[in-house]
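Chemist: In this note's numbering, the protein residues as written are 37 to 456.
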């Protein structure tokens, strides 16, 4: 008997063969890990450092234990994460909507209408409810899961946009800046900023990649998340018009994107107004229940002229939070000019400028501007391009220090010393 015959398997048996497609799947998985791993790790480490400081400050001071669970209180430090607006989102997830304008009996001041959950857009609470049903988590845990996962998706979107303009290293820095920016305390909380920023960043990236239908669908979804999506709708429309003028991508796809993009935002507002029986019911609710209204920037001007001289005689004054808000408000125009000098795609410029103007022209709790301006991710681009020149040890020191400090200025100040 030959050696070959001795090594032959018994009759009827065959050597195992790899499953079809398994090798291809593993290669794709490894490729995704190589591409996205550094981004996720950069964002995750920086964000975790700031979050840990935030939790430590909450627990060590214990001030939250004196507050109502709806308004920044609770038994545990993490309960604060789903208070304020987070409480309202849980109400939507649990009970849905019943839009109405109910006057407060005898009220004559700023607040004349009872708060109603219709003021809070539906996409985030819908995902919260879906995750809760699929995982058996409570609405609190499901809301945090959605926000945290969305924050990583947003980090990838910020990286992708910045990489197109400044390369891999700049993209990593931009993802790191997303973790430490003022207002970033809401990224891992029961708020919708992470979800909205993820949708906005990938929508802008789709426009830059000339994937118009994808951009239209993402913008439509963003419109179901926050009212400031009007700026994103306008940015996509401007980019589409320029594409049509240049005859780059035909006619049908840009026009389809323009038609799809506003459906989420305007559809929800139209439904709320219809249910309330008021043509501008949503605006009346925001004004009467939260004193949020378009005022051509009068309130912002009042804050910017009062705070530098030590006066706090404006609405919703919160000294420490407002100082941070003023710093952010004054920084945005500088970064916008630096962004424009880079000649980026028009969608980024229009989105940034209009988002900024929408926030500045509205009467609201001024200290919250650091949160409202958090989704202006294109502002990270000029900073990222400047910081990418640093060596890794220096860059790690800068971003690491900012991450630790963000536990205070982006988290504790917002949730405890202010009103998020």
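Don't be surprised by glycine CBs; every beta carbon is placed ideally from N, CA and C.
Contact defined as beta carbons within less than 8 Å: I believe residue 249 pairs with residue 378. What is the distance between those atoms, to the nearest angstrom?
Modeler: Here residue 249 corresponds to residue number 213 of the chain shown, with the count starting at 1. Here residue 378 corresponds to residue number 342 of the chain shown, with the count starting at 1. Residue 249 to residue 378, Cβ: 28 Å. No contact.
Chemist: Go through its chain and collect everything with a Cβ distance to residue 48's Cβ below 6 Å, but skip five positions before and after it.
Modeler: As a working note, residue 48 is residue 12 in the chain shown. Because the pLDDT of residue 48 is 49, which lies under 50, any placement of that residue in the model is unreliable, and the number read from its coordinates should be weighed accordingly. Cβ within range, chain order: n/a, list empty.
Chemist: Using beta-carbon positions only, say whether residue 161 and residue 195 come within less than 8 Å of one another.
Modeler: Residue 161 sits at position 125 when you count from the first residue of the chain shown. Residue 195 sits at position 159 when you count from the first residue of the chain shown. The answer is no: Cβ separation not under 8 Å.
Chemist: If you drop the 5 nearest sequence neighbours on each side, which residues of the same chain put their C-beta closer than 8 Å to that of residue 152?
Modeler: Looking up residue 152 in the chain shown gives position 116. Result list for residue 152: 134, 135, 136, 137, 138, 321, 325, in chain order.
Chemist: From the DSSP secondary-structure annotation, give me the bridge partner or partners of residue 399.
Modeler: Counting from 1 along the chain shown, the entry for residue 399 is found at position 363. Looking at the DSSP assignment, residue 399 forms a beta bridge with 329.
Chemist: Just reading off the alpha helix (DSSP H) that residue 179 is part of, what are its end residues?
Modeler: Position 143 of the chain shown, counting from 1, holds the residue named residue 179. Element bounds for residue 179: 175–202.
Chemist: Expressed to the nearest angstrom, what Euclidean distance is found between the alpha-carbon atoms of residue 157 and residue 300?
Modeler: In the chain shown, the residue the question calls residue 157 occupies position 121. In the chain shown, the residue the question calls residue 300 occupies position 264. The alpha-carbon atoms of residue 157 and residue 300 are separated by roughly 10 Å.
Chemist: So residue 223 and residue 183 are in contact, right, with Cβ under 8 Å, and what is the actual spacing, rounded?
Modeler: For the purposes of this step, residue 223 is identified with residue 187 of the chain shown, where counting begins at 1. For the purposes of this step, residue 183 is identified with residue 147 of the chain shown, where counting begins at 1. Indeed they touch by this definition, with Cβ atoms about 7 Å apart.
Chemist: If we call anything under 8 Å between Cβ atoms a contact, is residue 446 one with residue 108?
Modeler: What you label residue 446 is simply residue 410 of the chain shown in a count that begins at 1. What you label residue 108 is simply residue 72 of the chain shown in a count that begins at 1. Taking 8 Å as the Cβ cut-off, residue 446 and residue 108 do not qualify as a contacting pair.
Chemist: Over what stretch of residues does the alpha helix (DSSP H) that includes residue 160 continue unbroken?
Modeler: The count along the chain shown starts at 1 and reaches residue 160 at position 124. Counting along the chain, the alpha helix (DSSP H) containing residue 160 begins and ends at 159–171.
Chemist: Provide the residue span of the alpha helix (DSSP H) that contains residue 307, from first to last.
Modeler: The sequence position of residue 307 within the chain shown is 271, counting from 1. Segment 299–312, the alpha helix (DSSP H) holding residue 307.
Chemist: Hey, residue 369 and residue 414 are a contact pair by Cβ (cut 8 Å); roughly how many whole angstroms apart?
Modeler: Along the chain shown, read from residue 1 onward, the residue named residue 369 stands at position 333. Along the chain shown, read from residue 1 onward, the residue named residue 414 stands at position 378. Contact flag wrong, Cβ pair sits at about 13 Å.
Chemist: In the DSSP assignment, what are the bridge partners of residue 149?
Modeler: Translated into the one-based positions of the chain shown, residue 149 becomes position 113. Answer is 139, bridged to residue 149.
Chemist: For the stretch 276–287 against the stretch 309–320, are there 3 or more C-beta pairs whose distance is under 8 Å?
Modeler: No, the stretch 276–287 is not in contact with the stretch 309–320.
Chemist: Give the DSSP-derived three-state secondary structure of residue 234 in the structure shown.
Modeler: Position 198 of the chain shown, counting from 1, holds the residue named residue 234. It is helical.
Chemist: Just reading off the alpha helix (DSSP H) that residue 295 is part of, what are its end residues?
Modeler: Taking the chain shown and counting its residues from 1, the one referred to as residue 295 is at position 259. Start and end: 288–296.
Chemist: With a CB to CB cut of under 7 Å and the five nearest residues on each side skipped, what residues in its chain are close to residue 167?
Modeler: Here residue 167 refers to the residue found at position 131 when the chain shown is read from its first residue. Around residue 167: 173, 178, 181, 182.
Chemist: Flag this pair as yes or no: are the beta carbons of residue 327 and residue 146 separated by less than 8 Å?
Modeler: Position 291 of the chain shown, counted from the first residue, corresponds to residue 327. Position 110 of the chain shown, counted from the first residue, corresponds to residue 146. Yes.
Chemist: What whole-angstrom Cβ distance do residue 468 and residue 227 have, given they're in contact under 8 Å?
Modeler: Nothing about residue 468 can be read from this structure; the chain reaches only from 37 to 456.
Chemist: Report all residues from its chain with a CB closer than 6 Å to the CB of residue 530; omit the five preceding and five following residues, and keep chain order.
Modeler: For the chain, the structure presents residues 37 to 456; residue 530 sits outside this window and is missing.
Chemist: Is there contact between the stretch 287–296 and the stretch 116–132, where contact requires at least three CB pairs shorter than 8 Å?
Modeler: no
Chemist: If contact is defined by three or more beta carbon pairs under 8 Å, each pair taking one atom from either stretch, is the stretch 234–253 in contact with the stretch 204–213?
Modeler: no
Chemist: So is residue 287 buried or exposed if we call it buried at 16+ other beta carbons inside 10 Å?
Modeler: Reading the chain shown from its first residue, position 251 is the one you call residue 287. Exposed is the call here.
Chemist: Identify, in the order they occur along the chain, each residue of the same chain with its Cβ nearer than 7 Å to the Cβ of residue 451, setting aside the five sequence neighbours on each side.
Modeler: By 1-based counting over the chain shown, the position of residue 451 is 415. Once the five neighbours on either side are set aside, the close Cβ partners of residue 451 are 108, 116, 221.
Chemist: Given a cut-off of 8 Å on the beta-carbon distance, is the pair residue 436 and residue 85 in contact?
Modeler: By one-based count along the chain shown, residue 436 stands at place 400. By one-based count along the chain shown, residue 85 stands at place 49. Going by C-beta atoms, residue 436 is nearer than 8 Å to residue 85.
Chemist: Leaving out five residues on either side along the sequence, give the residues of the same chain with a beta carbon under 6 Å from the beta carbon of residue 457.
Modeler: Since the first and last residues shown for the chain are 37 and 456, residue 457 lies out of range.
Chemist: Since residue 335 is in the alpha helix (DSSP H), which residue starts that stretch and which ends it?
Modeler: If you number the chain shown from 1, residue 335 lands on position 299. Looking at the DSSP string, the run of the alpha helix (DSSP H) that includes residue 335 is 334–342.
Chemist: How far does the alpha helix (DSSP H) with residue 357 in it reach, from first residue to last?
Modeler: Within the chain shown, residue 357 is the residue found at index 321, counting from 1. Here the alpha helix (DSSP H) through residue 357 covers 355–377.
Chemist: Would DSSP call residue 429 helix, strand or coil?
Modeler: Residue mapping note: residue 429 aligns to position 393 of the chain shown, counting from 1. Reduced to three states, the DSSP call for residue 429 is helix.
Chemist: Under the rule that 16 or more other beta-carbon atoms within 10 Å means buried, what is residue 420, buried or exposed?
Modeler: Locating residue 420 in the chain shown gives position 384, counting from the first residue. Buried, because 16 or more other Cβ atoms sit within 10 Å of the Cβ of residue 420.
Chemist: Express the C-alpha separation of residue 170 and residue 110 in angstroms, rounding to a whole number.
Modeler: Numbered from its first residue, the chain shown carries residue 110 at position 74. Numbered from its first residue, the chain shown carries residue 170 at position 134. If you take the alpha carbons of residue 110 and residue 170, they lie about 26 Å apart.
Chemist: Sort 345, 336, 155, 371 by Cα distance to residue 361 and report the nearest one.
Modeler: Locating residue 361 in the chain shown gives position 325, counting from the first residue. When only C-alpha atoms are compared, the closest one is 336.
Chemist: So is residue 67 buried or exposed if we call it buried at 16+ other beta carbons inside 10 Å?
Modeler: Looking up residue 67 in the chain shown gives position 31. Under this definition residue 67 is an exposed residue.
Chemist: Roughly how many angstroms separate the alpha carbons of residue 90 and residue 189, rounded to a whole number?
Modeler: Position 54 of the chain shown, counting from 1, holds the residue named residue 90. Position 153 of the chain shown, counting from 1, holds the residue named residue 189. Taking the straight line joining both Cα atoms gives about 22 Å.
Chemist: Please name the residue, chosen from 448, 264, 185, that lies closest to residue 396 on a Cα-to-Cα basis.
Modeler: Residue numbering aside, residue 396 sits at position 360 when the chain shown is read from its first letter. Minimum Cα distance to residue 396 is reached at 264.
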